[in-house]
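To keep things clear, I will list the structure first and then write my remarks on it.
Residue numbers (the working numbering), protein chains in the order written: chain A, 1 to 275; chain B, 276 to 717; chain C, 718 to 1029.
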């Protein structure tokens, strides 16, 4: 019995993959197809083919919110945030992985614990903090915390411990390379696939962040995509078509980012482990 | 210096406007009021000592719905140099954003309060006392219940509304004719004038393959007015006997399949407007404005309004000026424009078919042509009739949470997950969990 | 001959230098703590402070000591929401890891073309905001004439149309399903990234030794990707315990029917922003935080491998 448990029949494997593909793609297609249908069409039937209300939906959407403004705003937050999470995440992870210092265990525990704080209520404290720092109309409260992204540190510490041997660091050290030089020139390139993986996830998380920007930002022209989508959703007059169009527009950039970076994820990790 | 001057000028101007606006409502007949309403702006232009264009500044508004955005253009036609920024914050997160901002000491100049929590906001010091702007002179032209809800327990008026939300039954005329033999509002109302009679008609509809309601949950809008008192009086929670009767009716509806088995605001709830097999919605004014009117395309002209077994009001949004605002004078001008200025309110009402809080405007509009979607019926005339009969204000500051908790309990009962007693016990437990300071009335 | 020398030299001589270099560790990790002190600490302290008060969000707060903590001990709704949260998490984490491992095994052992395509498609659901996902599924499922019910009726499925949101079990199952749908691709991507560190020659060696695929997977692949699995399990648990958007938008803020999908985060949100018991809401936050920290710490210790991977 056990011996054969991993003999996948080619057919069943195919079927499983196709089923999962459909399951993942169909709701996605629904978003894109519905963005070209009128609200009434959307609620009355299950649409498979594109409709002809795209222009109308676009007009409605733009009359409610300036989606391209939101688009630019989201990029202004997400890109620097993502870069910070990647670079500093790797740096902090490297510090924990390859150096021995006092209180390391306790300090690392703080990193892990910072992931565990329920965010729903601490938003009040966060808002007051931003107010005291004069940052309620600034993107800094959403960008700077990228430096302290615990998930990235947690993930990359494992990667570094797995794929960077001590000798890889010792050799340049003897040659007189500075500690930051070693990190920038040897460690970072080696773990780049891991960093890219985390960057994709951080990009998505930041792109989709809703509650923080909604509560903290006071000026409408600073609002990000998810806040704008919720503003369409929050109206009493239903505009499902405009809403789906806005969701579709918000999804496209992350699809592009993912398509572009995803090839870095897998193949590169092996290079790092070649000690 | 400049600010004080602007304030004095604004107040002076506001006073001249009161003079124009209040007289007709207080003393004149509706026809006079309508005339005065159209004359008012002209009078304002000639009598006001200040050109509105000299007033400048900017004000911020947070609104949980889109309505206030509709006033901005007209407002700027009068006051071109006052910049109004209305931010629509989704209703589900409105209080989260508002209370966070207020606790930090920074709130917008004007903010709205939905019926669910308006009573709570009114009792806090964050909405400013409107008597400083001479609100008393407008009082009599505002429907009593709208005014009462915006008034705190000490009698201070703090919030106003552009709308009033009485309700009736919005039904399909073609179906009424086919199944009941008439589509006349008075005759249909007669056939539906008690819960028992509604169930009789529902059975008749069902026999013809038609669902009486979109959802039984809509009926709750009416039942909340059908009570002797609100949820809480003097810290005691009570469940009115009529609500218990409502639970039975909801069960009957679900067990017999008299509704479309969907939730309010769901896709199917909207879609039922255009379906061939849904007879009526029991909804107030906003149901017509946001649901029926925009959705009725092929069924336009096939809708009618008749009185529900109980005249009722449900929902609504109020708006007040933040007490810490640095721009109270300008904020007042906008508040005044949206809620008290007969000309602008009337223009708004006719464009969006919204029933408004100013009696004189509703009375004037009742004389005008009816609505095409309603087959020519005049909704103002209809709602004026309802407003005359509605009972005192039953809203409490606990309504948002308690209404939802009650609905949740009734759902458990009608779906068969709980017995009626269990559902009621569940509701009481939830109420005490949310508000531990309450006690249950015997 | 040179090698042992090189190995011994650094072991003795740079010992001092290594110690000196180790101070750089503080420099490397410093950015985290600087930013955490500015942006992370204040909200935590203010939440804890709030948990000792009675505050309605607007009027001045009153200090009430540990009363809120006494209340939470006897709060049945809190326990129910905790159970809901754990149940929903288990309901999606187990199939999520199961499917992800199965896919990893398929991609490792079967010669399937288009691996990168599948990996990308399975990650798609993670790209849409949780609130939009909840709303999308609600539109697809709610009502007798919903698209899914139309489909089921057309296929003559018995029991159709199904009132998905009137049954506790179905609603809870749907939340787990949506969570699974959103995250199984992510889990697969991360595990796949982990398996690529496994040297291909190790498989070949094992096969030569007569191990079959199943044995190779259990004895070679799994132990080597254990750090990845520990990472995923812990982050999934932490995320799962804070579940908020999906049940809220799929059902409503009460977690209907009958609180079937009321999670702890939803409950504390309601107590604060809907019922104006901010102090009590903060108490629930603190207790949830302690539970997550305690349980993750325990899991971390239990799962951490003996060879020192991820040591604290």
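For each residue, glycine too, the CB sits at the ideal point set by N, CA and C.
What's the C-alpha gap between residue i and residue j?
| i | j | result |
| --- | --- | --- |
| residue 193 of chain A | residue 23 of chain A | 28 Å |
| residue 979 of chain C | residue 795 of chain C | 9 Å |
| residue 36 of chain A | residue 30 of chain A | 10 Å |
| residue 358 of chain B | residue 586 of chain B | 40 Å |
| residue 708 of chain B | residue 781 of chain C | 18 Å |
| residue 683 of chain B | residue 471 of chain B | 24 Å |
| residue 121 of chain A | residue 114 of chain A | 15 Å |
| residue 1014 of chain C | residue 110 of chain A | 12 Å |
| residue 835 of chain C | residue 17 of chain A | 8 Å |
| residue 116 of chain A | residue 665 of chain B | 51 Å |
| residue 482 of chain B | residue 476 of chain B | 10 Å |
| residue 752 of chain C | residue 151 of chain A | 15 Å |
| residue 48 of chain A | residue 551 of chain B | 24 Å |
| residue 738 of chain C | residue 170 of chain A | 11 Å |
| residue 510 of chain B | residue 670 of chain B | 14 Å |
| residue 747 of chain C | residue 92 of chain A | 8 Å |
| residue 311 of chain B | residue 637 of chain B | In this prediction, residue 311 of chain B scores a pLDDT of 42, lower than 50, which makes its location untrustworthy; the coordinate-derived value is nonetheless stated afterwards. Taking the straight line from one Cα to the other gives about 14 Å. |
Quick check on residue i: buried or exposed, where buried means 16 or more other Cβ atoms within 10 Å of its Cβ?
| i | result |
| --- | --- |
| residue 490 of chain B | buried |
| residue 340 of chain B | buried |
| residue 983 of chain C | buried |
| residue 806 of chain C | buried |
| residue 243 of chain A | buried |
| residue 875 of chain C | exposed |
| residue 971 of chain C | buried |
| residue 930 of chain C | buried |
| residue 776 of chain C | exposed |
| residue 635 of chain B | buried |
| residue 390 of chain B | buried |
| residue 740 of chain C | exposed |
| residue 319 of chain B | In this predicted model, residue 319 of chain B has a pLDDT of only 44, less than 50, meaning its place in the structure is not dependable enough to derive any value. |
Taking only three categories from DSSP, how would you classify residue i?
| i | result |
| --- | --- |
| residue 537 of chain B | coil |
| residue 24 of chain A | helix |
| residue 223 of chain A | coil |
| residue 770 of chain C | strand |
| residue 50 of chain A | coil |
| residue 386 of chain B | strand |
| residue 410 of chain B | helix |
| residue 488 of chain B | strand |
| residue 435 of chain B | strand |
| residue 930 of chain C | helix |
| residue 700 of chain B | helix |
| residue 344 of chain B | helix |
| residue 177 of chain A | coil |
| residue 381 of chain B | coil |
| residue 164 of chain A | coil |
Spatial neighbours of residue i within its chain, please: C-beta separation below 7 Å, excluding the five flanking residues on both sides.
| i | result |
| --- | --- |
| residue 43 of chain A | 240 |
| residue 172 of chain A | 182 and 186 |
| residue 815 of chain C | none |
| residue 676 of chain B | 709 |
| residue 144 of chain A | none |
| residue 852 of chain C | 966 |
| residue 229 of chain A | 243, 246, 247 and 250 |
Using a Cβ-Cβ cut-off of 8 Å (strictly less than) and excluding sequence neighbours within five positions of residue i, which residues of its own chain qualify?
| i | result |
| --- | --- |
| residue 76 of chain A | 139 |
Can you round the beta-carbon distance between residue i and residue j to whole angstroms, since I take them to be within the 8 Å contact cut?
| i | j | result |
| --- | --- | --- |
| residue 765 of chain C | residue 118 of chain A | Wrong, their Cβ atoms sit about 12 Å apart, outside the cutoff. |
| residue 570 of chain B | residue 548 of chain B | 4 Å |
| residue 512 of chain B | residue 376 of chain B | Not really, about 31 Å apart at Cβ, beyond 8 Å. |
Excluding sequence positions up to five away, which residues of its chain have a Cβ less than 6 Å from the Cβ of residue i?
| i | result |
| --- | --- |
| residue 439 of chain B | 418, 421, 630 and 632 |
| residue 981 of chain C | 798, 799, 802 and 1005 |
| residue 595 of chain B | 402, 433 and 434 |
| residue 398 of chain B | 427 |
| residue 460 of chain B | 579 and 581 |
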